[in-house]
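Trainee: Residue numbers (this note's numbering): 51 to 327. For glycine and all other residues, C-beta sits at the position ideal for the given N, C-alpha and C.
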C-alpha cells in the first residue's frame, strides 16, 4: 500500500467548439444556491471554492488529504496518477473552473482500489442526518471504466456509478468523457443499499474508489464533499444509548484522547453534546 498524491499536474487547455460540457450543473456555486447554508465536509474542494463558501457564511471542515494524518492510500499499486487534461466544474463552471483535481488510472495488477483515509486518533466529528448530501463530479480523461464502485464512511455503504458487479446498486450513470454529477442524500443512499447506519464521526477509509481491472482506464474526481444543511451547531443533545462508548473532540472536530481544561464535543452513540471539562 502506498500514499497517493491527491492532485495530478496542472494542465491548462482550451475548450473545443465541439465539446459538450454542462459544467455549471456540477459546480459548487450551483449546489450552494440550491441548498442554502450549512456545513461542508470537504474531500476535494479547491481553495477558491472553500473561500467563497466561507464568505457566504457556510462552515467548511477539511477532511481531504493533507500529507499528514489524512491521505489517499492506493492498494497494491493498482492506480497511478492520471491526466488532468480537461477542466473540471470547480466553483462556477465558467471563469473559476478547476484545472487541478484527482485523477486515477488503473495499472496492470488486474483490479483497483484506493481509500481516502483519516488515520487512527485523528477522527473528525460530524453531524450527519438523512438530509446530509454526498456530492461528486466525475469523468474520465482517458478510457472510462465500465463502472465505478464507491464505499462511504468506513465502507458501510457500497454503490455504483454504472452497473458495478460487486453487489452494490447503481445510483448514477457510468463515467464518460463529459463531467457528470452525483448529488444524493444519505436517506436515499440508505434506501438504495437496503439500510445504512451512518456514523457521526469521519474515520478510517471514509471514501473508497473501485474501478475494475482494465489497464489504462481512468476515473477523475472533482468537487467531492458531504453537506449537512441548515444550522449544524452541536448543542445539548442527550445520547441515544447511555451504554455506548464515549469519544471527545475539540471544536475543530479533531479527536482528543484525554480532554481537559476546555470546551469539547462529547459523542456517544449517534448523538453529541458540548461539554466543559
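To the nearest angstrom, how far is the alpha carbon of residue 175 from that of residue 167?
Mentor: Residue numbering aside, residue 175 sits at position 125 when the chain shown is read from its first letter. Residue numbering aside, residue 167 sits at position 117 when the chain shown is read from its first letter. Answer to the nearest angstrom: the Cα atoms are 15 Å apart.
Trainee: Pull up the distance between the alpha-carbon of residue 220 and that of residue 300, whole angstroms please.
Mentor: On the chain shown, residue 220 is found 170 positions in, with the first residue counted as 1. On the chain shown, residue 300 is found 250 positions in, with the first residue counted as 1. Roughly 37 Å separates the two Cα atoms.
Trainee: Taking buried to mean at least 16 other C-beta atoms within 10 Å of its own C-beta, is residue 103 buried or exposed?
Mentor: Against the chain shown, residue 103 aligns to sequence position 53. Classification of residue 103: buried, given that the 10 Å Cβ count is 16 or more.
Trainee: Exposed or buried, which one is residue 206 when buried takes at least 16 other CB atoms within 10 Å?
Mentor: Working through the chain shown from its first residue, we reach residue 206 at position 156. Exposed is the call here.
Trainee: Is the beta carbon of residue 96 sitting closer than 7 Å to the one on residue 140?
Mentor: As a position in the chain shown, residue 96 is number 46, starting the count at 1. As a position in the chain shown, residue 140 is number 90, starting the count at 1. Contact flag set, yes.
Trainee: Closest to residue 277 by CA distance: which of 210, 130, 171, 184 is it?
Mentor: The sequence position of residue 277 within the chain shown is 227, counting from 1. Comparing Cα positions, the closest option is 184.
Trainee: Throw me the rounded Cβ distance for the residue 106 and residue 84 pair, which I believe falls under 8 Å.
Mentor: On the chain shown, position 56 is the one that residue 106 refers to. On the chain shown, position 34 is the one that residue 84 refers to. Contact doesn't hold; Cβ gap of about 13 Å is too wide.
Trainee: Given residue 234, which residues of its chain have a CB within under 7 Å of its CB, disregarding the five upstream and five downstream residues?
Mentor: Taking the chain shown and counting its residues from 1, one reaches residue 234 at position 184. Cβ neighbours of residue 234 beyond the five flanking positions: 183, 184, 221.
Trainee: Restricting to Cα atoms, I'd like to know which of 145, 197, 310, 270 is closest to residue 135.
Mentor: Counted from its first residue, the chain shown places residue 135 at position 85. The residue with the shortest Cα to Cα distance from residue 135 is 270.
Trainee: Measure the CB-CB distance between residue 274 and residue 186 and report whether it falls below 7 Å.
Mentor: Along the chain shown, read from residue 1 onward, the residue named residue 274 stands at position 224. Along the chain shown, read from residue 1 onward, the residue named residue 186 stands at position 136. Going by C-beta atoms, residue 274 is nearer than 7 Å to residue 186.
Trainee: Among 260, 256, 263, which residue has its Cα nearest to the Cα of residue 120?
Mentor: On the chain shown, residue 120 is found 70 positions in, with the first residue counted as 1. Per the Cα distances, 256.
Trainee: Taking the alpha carbon of residue 209 as the reference point, which residue from 318, 236, 227 has its own alpha carbon closest?
Mentor: Here residue 209 refers to the residue found at position 159 when the chain shown is read from its first residue. The option with the nearest alpha carbon to residue 209 is 236.
Trainee: To the nearest angstrom, how far is it from the Cα of residue 70 to the Cα of residue 228?
Mentor: Looking up residue 70 in the chain shown gives position 20. Looking up residue 228 in the chain shown gives position 178. Note that residue 70 has pLDDT 41, beneath the 50 cutoff, so the model's placement of it is unreliable and no number is given.
Trainee: With DSSP as the reference, label residue 236 as helix, strand or coil.
Mentor: Indexing the chain shown from 1 puts residue 236 at position 186. The answer is helix: DSSP assigns residue 236 an H, G or I state.
Trainee: Taking DSSP as the reference, what is the three-state secondary structure of residue 105?
Mentor: Here the question's residue 105 lines up with position 55 in the chain shown. Note: residue 105 maps to helix in three-state DSSP.
Trainee: Go ahead and label residue 266 buried or exposed: buried means 16 or more other beta carbons lie within 10 angstroms of its beta carbon, across all protein chains shown.
Mentor: The sequence position of residue 266 within the chain shown is 216, counting from 1. That one is exposed.
Trainee: Express the C-alpha separation of residue 137 and residue 318 in angstroms, rounding to a whole number.
Mentor: Reading the chain shown from its first residue, position 268 is the one you call residue 318. Reading the chain shown from its first residue, position 87 is the one you call residue 137. The alpha-carbon atoms of residue 318 and residue 137 are separated by roughly 43 Å.
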